[in-house]
Structures are given as structure tokens and as C-alpha cells.
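Structure record follows, encoded as C-alpha cells.
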Amino acid sequence: MEMFEMSDLGRMNYFLGMEVKQTAKGIFLSQSSFTMKILDKFSMKNCKPTSTPMAVGVKLSRQGSGEPICETMYKSLIGSLLYLTATRPDIMFAVSVLSRYMNCCNDQHFKAAKRVLRYIKGTIDHGVLFKRAENMKLIGYVDSDWAGSCDDMRSTSGYAFSLGSGMFCWSSKKQSLVAQSTAEAEYVIQKSKLLISLQRERVQRSVDADLRSGKEIRDDVNNWLSAVDRKIHKQEEKVTQDEEKAKKKCFVGLCPNIWTRYKLSLEAAEKAKAVAKLLEQSKFPEVAYRVALQDITVPQVKGYEEFESRTSVLNEIMEALKDNSVSVIGVHGMGGVGKTTLVKEIARKVKGKDKLFDSVVISTHSTDGKALRLRERLKKEKRVLVVLDDIWGKVDIEEVGIPLGDEHKGCKLLLTSRELNVLSNRMDAQKCFTIESLNKKEAWDLFKKKAGDCVESCDLKPTAMEVAKKCAGLPIAIATVAGALRSKRLFEWKNALRELERPSLSNFTEITAVRKLIELSFNYLGSEEVKQTFLLCSVMGRNGLVEDLVRYTVGLDLFSGVNTMEEARNNVLTVVANLKASSLLLDSYEDERFDIHDVVWDAALNIASRDYHVHVLRDYVPKEKMNSWRMISLRCPRIIAELPKEMECSESINHLIDLRMLCLRGWRGEDITIIGELKNLEILDLACSSIKELPKEIAQLTRLRLLDLSWCFGLKIIPPNVLSSLSKLEELYMEGSFAEWENDGVVGNKRRNARLDELNNLPHLTTLYAHIPNAQMISKHIFIETLDRYNIFVGDDHFAWIWNLKYEYSKTLKLKIYTNIYWDNLVKTLLKKTEDLYLNLKGLEGIRSVFAELNNGVDFLNLKRVDVIITMKEYSTNSEPLPLFNKQTCHWISNLRRLIINGCGNFEHLLSPSAARSLVQLQRFDIADCTCLREMIFTEEIKEEEEEERKDVICFPRLNSLRIGNLPNLIFFCSGNYNIEFC
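Numbering of the sequence shown is given in this note's numbering, commencing with residue 1 and proceeding in unit increments.
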């Protein structure tokens, strides 16, 4: 040592972070101190240990569905764990796998890495021990996970070697070359088939259970089941073929055909990927939804005319319904004669004035074979009338779930059909009633009512009466023809009569007289714009959304001279109103929708197919017949799932340079960057899709006027400056979707997401549905001033969108506030414009902050409705009411429709008599978890009103729901001398 000028430092204790312990038993290498530093750095010192570094069966992927995390943090953690493997061969495999995701890490990868930390927490004292051994035997262990990677089906191999007593060499590495054997490929294929078959069975069981409970199966579930069936069938055929190919050898049968086996391995990997994708798609939140049953409560059936011929039949049906020996009644008549209108009037009468039934349920049981499974619900009602309208064949009552006869003597079935044989023979109706056409006098009276008194003029009456005769006494025909000719001149009436008398064309021979009458009404719609809008309604079908119709008309450029989305919306609303007035369209169950009579629907589809090359597919049609079609509507999800590969666009999507509207609602694909090539796109609908990031290429769509990202729950990234590039954008919908707005302080390369101020660069923006995390983000954003329609939620609870999904007004604001906030001018501007205000308040400061603004009623002249939810625990003045209900607020709380109070545990009183009297619009009142509450309405002990001002009656005229829970000290609703009335 002196020769080489070295110093003796004694026994080695530490070396590059490793601890060395030398004892009589041997040399022990460990990194316990470094392990504690790792646990402390990543806040896992107090974590619960686990017995394995990696969960059994876990599969990580570069394309996982997890949320992105900070790459720097993840790289730091994996780097630390990699250094720890110098003395810990037991974590080598897990760390090797986790190190593959350095540049694409998400919360799933981080969760797996934290499990490694939990494992080393319980094994801090582990290391490598080298003992003196007499036998220096070399032992090696080798294993592989055999195509364990979800991304490329490559295997991860590992080995460990010991010499004598201690482990001295270990490694875990993913293979760089694919050399899978035939057996491995077959194993992958068969395993994939087994997994997808088991998952299909699980989904099918859920589907069957939901069908039995009366739910409707979602379209994406039906599509998935069809796709799986096709995949399983193809795999069975392919495996047999591939096995035969793999048996072939080369070099006169001396060697296996490596190329064939290599191709088989690649095909197996591709099949496994496809199956993995199907398995991922099968993670449905629910496979079905409950169909709302129509319970008749309307006071008057719109369109019902009390003709003598109808009244007599109605009375006979009413008598049959009263007959205890009759449980199935049939109503027969040709299409358009008025069967549906009549049974709806009967439904109104039996539940209204006559009180024959407690509940009435109506369903259209048409050619699509939908069924009601009502048994459990109907058994709960004593007297039930079930109406199955427009049936075309036998309906299995037992399968449908309608309890009749001895099973439920209070349940009766009323059927309508165009076929008498269906009612009397196939449905065993005990009594059948036929609805005839209107007689001559009734038909003329109805015609005059629809066409106007002008038909009584001397010069017009003869022609009008001839036209009325052509309607054959059918109410639907009379209504449509008379409505079309209303206010028309004599020569137009004569031309209409000539059209009705003209023989049918050769290619129109199958159209009935009713269809011809409806075609006449169609011809008198006037402009081509209105005609095409009506045909578009028929393609959309029953109960179509008006908003969808607006977008389609813009996409098809139906209206000339329309420059904005709002103008198009007004045009469509006007056309729909006129079509309803002419009886070509009907009111639906919601104001936002329209309906169409089945006879009118059939006629309209016939016109669309014949003259406009528009076909509604009920069965698949060969590709050759589609070449001349302009529009295709796929009405049945089973058709979409079963379409063969031949049905394809003539050009790839990036060549569709004139495309103006693209609707990918519910899209489950991943890469949509190609949409950026559609430079003329004006409407893009991605609602309910599974996209996680809006591609930056969307910024190229500079002509875009409407962007719909509603209910894209996974959307977390909108790249900076994408929204601001859409300079012509008028309407932006992000309801229940993106809320990751970047703060204004984040600049430059640190920006990852869009900022709210980007909307300032959209001068045409008039509609915004969005979630803004806090009110301060609205400051300095002038786009607020240009909004005409909005639905804005301000707060930190993304699920508050579910509070109410139906809005009566076009300007809706939701505020969730915890503390006092600064009300700048723009926030006040938004409040002043608001018509529908929702408040979710927590804490006394939040309440005072909001109501200090609301108490100035002059500033909120547009406010038409206020909904308030209050959660407040710190209020401690027991002898006073909530600050919400005082004299200053009584002038506006009269707009309250729902009042929900929860968790206000420290007050004894709620309402003064004057405040209670002001709640004239209150429909729902919920109060729970208010442990100190003694009475709802003040007694005389609270001297808030003078004696002479008091009244004896407090009335809640519209209250229909009162829910009280966990009020242990509640003594009185009102202990004073007041009469409480609920009207």
C-alpha cells in the first residue's frame, strides 16, 4: 500500500448508496436508507405494505385510458427504483415493465409504481447475502411472460443466476424480435376467443336481465354484440386455416417454415389487439335505459273532434271498459281514420272525470317490434288501462309482461290496428269496434274548419266540395289537404282537384288514395326549402329533435339568405310551426321535438325516395342501388352492425372538400385528426364521444360555425389557441364536458390547455354551454357581453350539470359558491341577462355574497326562475332564521320552485309567515339534517310582523313534494294560529 500511496480506510460500510454489512455469517448488501428516502420523497412513508410488487394479471399499455400525469415526477420515481434494483432482484421485473412508459405515463402507470413502493415499504430490510460456501454451484433461473405486452404482443424474459450462496446476476428485458411459435400463436388466439366469449356472455346476461325488467337496450351495446359474434365466427375459421398453413415445411419437409409461422404470430398478435379493443369497448356504464312510459294526464286531447259517429263508438268502448267480463278490446280502422286520437280521448276520460282507472299507459307497438315489459309496475296499480297502439301482428302478452285475467283482474288492454283479423283472431279481443270514415256532413264540417269560411263562397264552394269528397272522409287527409289549400285562390283549388283526379303514374301505383292526398298537401307547401325541410323531418322519423333539424338544414344549405345559426334556427322553428298548422307534423311529448303521423310518414318517405333519392333503410340494399342516392338514414342499429365492407364512401374523407356538416355523436374511435382536412366544415358534432383530446388540427376549420363537445366526459385537453382560431364560431357546446381551463398566469411552453380568454377572439360567438371552475375566471372576458344563449355552470363540481337537464329559458346560469366572491362588472352583466338562475350555496359568506346582489331587484329584471340549494353548518344564531328568508328577499323568492335545505344544523326556525306566503311557485320542498330545527314557520315569539298585518291562512298552492328527514328536534310545522293549506 505504501508503494502505491494508498490509505487503508477500514471495512467498507457504504458504497454508492449501498450499505455493506460484514459479519461472521457473510456480506450483506442492501439499500434500506435509500429506500426510506424514496418513500419519503413520494409521501409513502406511512403507506400500507403489500406482499407483491405487481398485482397478478395486471396489464399496462401505452394506450391506456388513464389520466395523464407529470412525466418529470414519474421519471424520477422510476429512476430511483431502477437504482434500487442493484440490490433488489425481486423488483426487477416490475420496474422493467414500468420503465417502458416514461414518455406516455398516466395515472394507471403511477398506481402500479406506487404498489412497488408499498412492497418495498414492507421489505426494507431485504437485500443480497453472500455467504461462505463449500460448493460453488452455478444455478440459473429463466422465465418469460409469453406475449405479455398489450401494445405489441412481445414477451418479457427474465433471468437470475447464483454462484454458491449469493445471487450475483439478474435481469428483466423485453424481447426486441418476434419469434413466437405456432403453439404460442394458437394460445394467444384461443385465449382471446375465450376472453371475448366470456365477456359476451356476461354482457348478454345483463341484456337479458334488463329486457325482462322493461328496459331498452342501448344501440352501442347491440352493435358490440353483433361485432363480437362476427369476430368469433371469423376466428374459428381462421384458426383452422392457419393451423394447416403452419404444418407445411420447407427443404423437402426437413425444416419448419419459419416465414409461415412468423406470419401466423403476427396475425395472432393482431387478433389479440382487436379482441383487446372489443373488451375495452365492453366497459359499458350500463347496457340499457329505462323507457319513460306515457301516463296520460293532459286535460284535452289536441285534434279530437266530437263527431256524432265518433261519439257513439266512444260511448260503446267506455261501456265495454266498465264490463268486468271484458279484458281485451280492439279498435279497428284504416290508416288515418282517427284510431289513435280516439283512444287517447278515451284514456283521458277514464282517468279524468269518470275515474275508471288509476293509471293509463300508452305505447306505439309498430313494425319495429318494441314491447313493454310492465308486469311489476302494473301489479302495483289496482285499476290499469294499457293501450297498445298500431299493432300489426300478434303480441305475446305474457312475454310483454301485461298481467290479465286472474293474474290482475283490474288490468285491461285496449288495442288499435288496421287489420281486424289481428284483433279478433290473433289477439283474442273479446269486443272489437270499427272506426268508419266520416259521413258526408261531418267530413264537410271538418273541411270547412281547416280550410276556412272562404269555402262557402259561391264561386269556390262547388270545387271545394269536390276536393273534400276526394279526401274519402279520412280526418288526416281532410286536415292536410284543407290546410294546404287554406287562403288559396280559385284557380289553385281547380288545379288541386285536377291533380287528385289524375290517374296514378306507373311507378306510383302502390300509393294509396291517402298518400296521394298527402302528396297534394306536400305540393302546396310552397317553396322548395319548406318541402325539403319536411322531407328531412320524415327521414329523422318520430319525435325528432328540432335542434338536430336546424343543424341538418345548415349542413345541407337548405335556406338561402341565411347568414347565422340563429337565423337558421328561427327559420326552422317557423317552418315546423307551419307544418304543424297544416297537420303534416304533430306536437311531440316535448316542445323541443316534433312528431309525424304514420300515414304521413309513409307518404313522405315515398316522395323522398322517388323524387329526392332519399331512402330509409330497413334492410340492407346492394351497393349498386346506392349510387344515385343523395342521403341515407340508418334507422335500425342492427343494420349498421351488419353492413358489409362494400358499403363505403366513393372517396376517402379527406377528399370530401365540400362537406359542411359532420356528426360523430357517440364516436368511440381515438384518432380524429383527419377532420382537420375538411376545411369547409361549418358544423362539427362530437357530443357523447370518447375523445380525450381535441386535435390541434381542428384549428384549421376556420369556417366552423358550431362545435358540439357536450357530454365528452373524457375530454381533458384542448390545445392552446385551437378555439381562438375558429374565428367564425357562433355556437360552442361543452355541457358536462371540458372544464380544464388554463389560468391566465400560465404562459409560453408551460401552457397545456385552452384559456377562457381565447373566446374573446370569437366575435360571432352568441351561444355558449360551458363549465367554468370559478367566477374570477370570467373577469376581463368580453365575450360574455355578446352571448344571446348560454348555459354556464360556475363552480368546482362537474356533476352539478345533472342538477337539471331540461331548461325552460335560453339564458341559464348555475353558481356554486362557498365564500364571498368579487362581483365585477362582467359577472354582474351575466347575472343581469340571466333568465334561469341556479344557486348551490355553502357557507354564510357565500349566501350573503349572492343575495346582496339579488336583493336589488331592479338589476335583475330578466330573472324568471331561481333554484336554490343551501348547505350551511357554521350558522349559530339559533333564535334567528336563515338570512335567505327575510323582508328584503320576499320580493324575489316568489319565483322559487324548488327549495332544498341540507345540513344547516344550528338554527331553530326557517320561515316567517310573510316569507312562507311568498312561496307561491314552490313545487318541491326538501329539508334534512337540520338537527336544531324546531319549527318550519315562526310562532308569535318572533316579532317580525305587526299583529294587524297577520293573516290566518298560509297557502302553498303549487307544492307537490315535501320531503323531511333527520330533524330530531322538529316539534311543529307551524305552532301559531295559522291554517296551512296545500292546494
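Virtual Cβ for every residue (Gly too), placed ideally from N, Cα, C.
inquiry  = Between which two residues does the beta strand (DSSP E) holding Thr-23 run?
reply    = Mapped onto the sequence shown, residue 23 falls at position 23. Here the beta strand (DSSP E) through Thr-23 covers 18 to 23.
task = List in chain order: all unbroken alpha helix (DSSP H) runs of 4+ residues lying wholly within the segment 524 to 560.
result = 528 to 540, 546 to 555
query = Does the distance from the C-beta atom of Leu-922 to that of Arg-897 stay below 8 angstroms?
reply = Walking along the sequence shown from the start, residue 922 turns up at place 922. Walking along the sequence shown from the start, residue 897 turns up at place 897. Yes, the pair counts as a contact, with Cβ atoms nearer than the cut-off.
key: Segment limits, beta strand (DSSP E) that includes Val-794   = For the purposes of this step, residue 794 is identified with residue 794 of the sequence shown, where counting begins at 1. From DSSP, the beta strand (DSSP E) with Val-794 extends over 789 to 794.
query = Could you give the distance in angstroms between the alpha-carbon of Phe-738 and the alpha-carbon of Lys-59?
reply = Start at 1 with the first residue of the sequence shown, and residue 738 comes out as number 738. Start at 1 with the first residue of the sequence shown, and residue 59 comes out as number 59. Distance between the alpha carbons of Phe-738 and Lys-59 is about 28 angstroms.
ask   = Whose C-alpha, out of Leu-910, Leu-117, Asn-106, is nearest the C-alpha of Met-44?
value = Here residue 44 refers to the residue found at position 44 when the sequence shown is read from its first residue. The candidate whose alpha carbon is nearest that of Met-44 is Leu-117.
ask   = Could you check where the beta strand (DSSP E) with Lys-580 kicks off and where it finishes?
value = The sequence position of residue 580 within the sequence shown is 580, counting from 1. Here Lys-580 belongs to no beta strand (DSSP E); instead the alpha helix (DSSP H) covers 565 to 581.
inquiry  = Under 8 angstroms, with one C-beta from each stretch per pair, do the segment 133 to 144 and the segment 96 to 106 reach the 3-pair mark?
reply    = They do not touch, by the three-pair rule.
ask   = For Ile-971, is the classification buried or exposed, using 16 other Cβ atoms within 10 angstroms of its Cβ as the cut-off for buried?
value = Start at 1 with the first residue of the sequence shown, and residue 971 comes out as number 971. Label assigned to Ile-971: exposed.
key: Spatial neighbours of Ala-347 in its chain, beta-carbon cut-off 7 angstroms, leaving aside the 5 residues before and after   = Along the sequence shown, one-based indexing puts residue 347 at 347. For Ala-347, the CB contacts under 7 angstroms within the same chain, skipping 5 residues up- and downstream, are Ile-296, Val-360, Ile-362, Leu-385, Val-387 in chain order.
key: DSSP-derived helix/strand/coil call for Gly-965   = As a first step, residue 965 is located in the sequence shown; it is residue number 965 there, counting from the start. Correct three-state label for Gly-965: strand.
DSSP-derived helix/strand/coil call for Thr-340 = Translated into the one-based positions of the sequence shown, residue 340 becomes position 340. Reduced to three states, the DSSP call for Thr-340 is helix.
query = Which of the three DSSP states, helix, strand or coil, is assigned to Arg-950?
reply = In the sequence shown, residue 950 corresponds to position 950, counting from 1. Residue confidence is low: Arg-950 scores 48 on pLDDT, short of 50, so the model does not pin down where it sits. Its coordinate-derived value is still stated next. Correct three-state label for Arg-950: coil.
Close beta carbons around Phe-110, own chain, < 7 angstroms, minus the five adjacent residues each side = Position 110 of the sequence shown, counted from the first residue, corresponds to residue 110. So the list reads Ile-69, Tyr-74, once near-sequence residues are dropped.
inquiry  = Helix, strand or coil, according to DSSP, for Pro-256 in the structure here?
reply    = Position 256 of the sequence shown holds residue 256. Model confidence at Pro-256 stands at a pLDDT of 46, short of 50, so the residue's coordinates are unreliable; what they give is reported in the following sentence. Strand.
inquiry  = Just to confirm before moving on: does the CB-CB distance between Ala-477 and Lys-450 stay below 8 angstroms?
reply    = Here residue 477 refers to the residue found at position 477 of the sequence shown. Here residue 450 refers to the residue found at position 450 of the sequence shown. No, Cβ-Cβ distance for Ala-477 and Lys-450 is not below 8 angstroms.
request  = Report back the beta-carbon spacing between Lys-811 and Thr-834 to the nearest angstrom; my notes put them in contact at under 8 angstroms.
outcome  = Stepping through the sequence shown from its first residue, residue 811 is reached at position 811. Stepping through the sequence shown from its first residue, residue 834 is reached at position 834. With a contact defined as Cβ atoms closer than 8 angstroms, Lys-811 and Thr-834 qualify at about 5 angstroms.
query = Val-600 to Asn-571, Cα distance in whole Å?
reply = For this step, residue 600 is matched to residue 600 along the sequence shown. For this step, residue 571 is matched to residue 571 along the sequence shown. Approximately 22 angstroms between the Cα atoms of the pair.
query = Between which two residues does the alpha helix (DSSP H) harbouring Ser-724 extend?
reply = Locating residue 724 in the sequence shown gives position 724, where the first residue counts as 1. Residues 722 to 725.
message = Along the chain, where does the beta strand (DSSP E) containing Met-318 start, and where does it finish?
response = Within the sequence shown, numbered from 1, the residue matching residue 318 stands at position 318. Not the beta strand (DSSP E): Met-318 falls in the alpha helix (DSSP H), residues 308 to 322.
message = For Ile-518 and Ala-603, what's the separation of their Cα atoms in angstroms?
response = On the sequence shown, position 518 is the one that residue 518 refers to. On the sequence shown, position 603 is the one that residue 603 refers to. Their backbone Cα atoms lie some 7 angstroms apart in a straight line.
request  = Could you please give the first and the last residue of the uninterrupted beta strand (DSSP E) stretch that includes Gly-330?
outcome  = In the sequence shown, counting from the first residue as 1, residue 330 sits at position 330. It spans 328 to 332 - the beta strand (DSSP E) in which Gly-330 sits, taken as one unbroken run.
query = Given 8 angstroms as the limit, is there contact between the segment 484 to 495 and the segment 459 to 473, that is, 3 or more CB pairs closer than that?
reply = yes
Other residues of its chain near Lys-131: CB distance less than 6 angstroms, five sequence neighbours each side excluded = Counted from its first residue, the sequence shown places residue 131 at position 131. For Lys-131, where only same-chain residues beyond five positions count, the Cβ hits under 6 angstroms are Gly-26, Ser-165.
message = To the nearest angstrom, how far is the alpha carbon of Lys-679 from that of Thr-673?
response = Along the sequence shown, read from residue 1 onward, the residue named residue 679 stands at position 679. Along the sequence shown, read from residue 1 onward, the residue named residue 673 stands at position 673. Taken atom to atom, the span from the alpha-carbon of Lys-679 to that of Thr-673 is near 13 angstroms.
Other residues of its chain near Ile-329: CB distance less than 8 angstroms, five sequence neighbours each side excluded = The residue labelled residue 329 in the question sits at position 329 within the sequence shown. Around Ile-329: Ile-317, Ala-320, Leu-321, Lys-412, Leu-413, Leu-414, Leu-415, Ala-429, Gln-430, Lys-431, Cys-432, Phe-433.
message = With distance defined between alpha-carbon atoms, name the residue in Arg-752, Leu-709, Thr-702, Cys-712 nearest to Asn-761.
response = For the purposes of this step, residue 761 is taken as residue 761 along the sequence shown, with counting starting at 1. Nearest of Arg-752, Leu-709, Thr-702, Cys-712 to Asn-761, Cα basis: Thr-702.
query = Does DSSP put Arg-958 in a helix, in a strand, or in coil?
reply = The sequence position of residue 958 within the sequence shown is 958, counting from 1. Correct three-state label for Arg-958: coil.
ask   = Expressed to the nearest angstrom, what Euclidean distance is found between the alpha-carbon atoms of Ser-690 and Lys-273?
value = Along the sequence shown, read from residue 1 onward, the residue named residue 690 stands at position 690. Along the sequence shown, read from residue 1 onward, the residue named residue 273 stands at position 273. Cα atoms of Ser-690 and Lys-273: separation of roughly 19 angstroms, rounded to the nearest angstrom.
Three-state class that DSSP yields for Arg-132 in the structure shown = Here residue 132 refers to the residue found at position 132 of the sequence shown. Coil at Arg-132, not helix or strand.
ask   = At which residues does the alpha helix (DSSP H) containing Thr-480 begin and terminate?
value = Counting from one through the sequence shown, the residue named residue 480 turns up at place 480. Per DSSP, Thr-480 belongs to the alpha helix (DSSP H) from 475 to 485.
ask   = What are the uninterrupted segments assigned as alpha helix (DSSP H) that are 4 or more residues long and contained completely in the segment 679 to 737, given in chain order?
value = 722 to 725
Length of the line joining the Cα atoms of Asp-867 and Ile-402 = Looking up residue 867 in the sequence shown gives position 867. Looking up residue 402 in the sequence shown gives position 402. If I take the Cα positions, the gap works out to 40 angstroms.
ask   = Does the Cβ of Val-142 have 16 or more other Cβ atoms within 10 Å, making it buried, or fewer, making it exposed?
value = Counting from 1 along the sequence shown, the entry for residue 142 is found at position 142. Answer is exposed; the Cβ neighbour count stays below 16.
ask   = Exposed or buried, which one is Gly-140 when buried takes at least 16 other CB atoms within 10 Å?
value = In the sequence shown, the residue the question calls residue 140 occupies position 140. Under this definition Gly-140 is an exposed residue.
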